[in-house]
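Its first residue numbered 0, the sequence shown is counted upward by one per residue in numbering that gives the first Met the number 0. Where a beta carbon is used, it is the ideal one built from N, C-alpha and C, also for glycine. Shown next, in structure tokens, is the structure this report addresses.
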Amino acid sequence: MESYGADDEESAAVLRTVGRIVKTCRERQGLTQAELGTAIGYSEEQVSSVERGRRAPSPTFLEAADRELDAGGLLVGLKADVEQARYPKKVRDLAKLEAEAVEICAYDNSVVNGLLQTEEYLRAVFGSRRPAFAEEEVEQLVAARLARQEIIDGTQIHPSFSFVHDEAALRRRVGGKMVLRQQLERLLDIGHMRNVEIQVLPLDREDNAGLGGPFHLLRLREGTTVGHNEVQRTSRLISEPREIQILELRYGVIRAQALPPRESLAFIEKVLGET
């Protein structure tokens, strides 16, 4: 189970509600926190933290408590709400937009795009952060990113994806040689999906319109476009039309400067062979 600070009030409110429901079910059965904890394999302190909304109960906790308290599926039914509350608000907001998008475009020049990262690679990315994340924070961030990746599982045609990576992002040995090799293999697999285009902008190109840093464009179903960038602890959603116009122009130039998708996959195979 994971604890959360008070800076994300939306998550905190969900966890407080879940905690009150657990408490109500426990008291209805005439059990103390210690007795419930003993019955389901958790400490009194853990039960108390859940009931006070300080900790997100694990699926195992909710399932066991539901059986012990004869809740008839009420507590099990809260698992989806708790799962969403585990993730930082900025991640939830981005995931909601991605779920509404018909097209997602991204340029990355430092590391492989988050939607494409293997678990080992993304753990290495989060592990390299300084000052370092606490282990609990790493697990939360890993779970959140893996959940976002469900949108690109290949079972649906929409949304369409366009990724452009600077060659440097493909050669940087994040996590070591084997982690990078597995990451490059994943790019090759995903790059063959019908709704995904992956392009590479080689380092020997004299022109690179993306030197200002990575960014995303999300084209939504209702016709609007939203931008997103995340740099040095700042995650920013962009909706101002003039800024979006600049990003769309910039992304178009970057795509034109990069290798076409077929040549890009051959380039990634070359990098893999050299890694």
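Between Arg193 and Val101, the beta carbon gap of about 15 Å keeps them out of contact (Cβ cut-off 8 Å). Between Asp107 and His164, the gap from beta carbon to beta carbon is short of 8 Å. For Ser161, the secondary structure class from DSSP, reduced to helix, strand or coil, is strand.
For Arg25, the closest of Ser57, Leu14, Val13, Arg66 by C-alpha to C-alpha distance is Arg66.
Distance from the CA of Leu73 to the CA of Arg15, rounded to the nearest whole angstrom, comes to 16 Å.
For Phe214, the uninterrupted beta strand (DSSP E) run begins and ends at 214 to 219, by DSSP. Taking 8 Å as the upper bound for CB-CB distance, Leu68 and Gln28 are in contact here, some 5 Å apart. Restricting attention to Asp188, Arg128, Val178, Ala98, the CA atom closest to the CA of Ala146 is found in Ala98. Secondary structure at Arg66: helix, using DSSP grouped into helix, strand and coil. Per DSSP, Val111 is not a residue of any beta strand (DSSP E), being assigned neither H nor E. One Cα belongs to Lys78, the other to Val13, and the distance between them is close to 11 Å.
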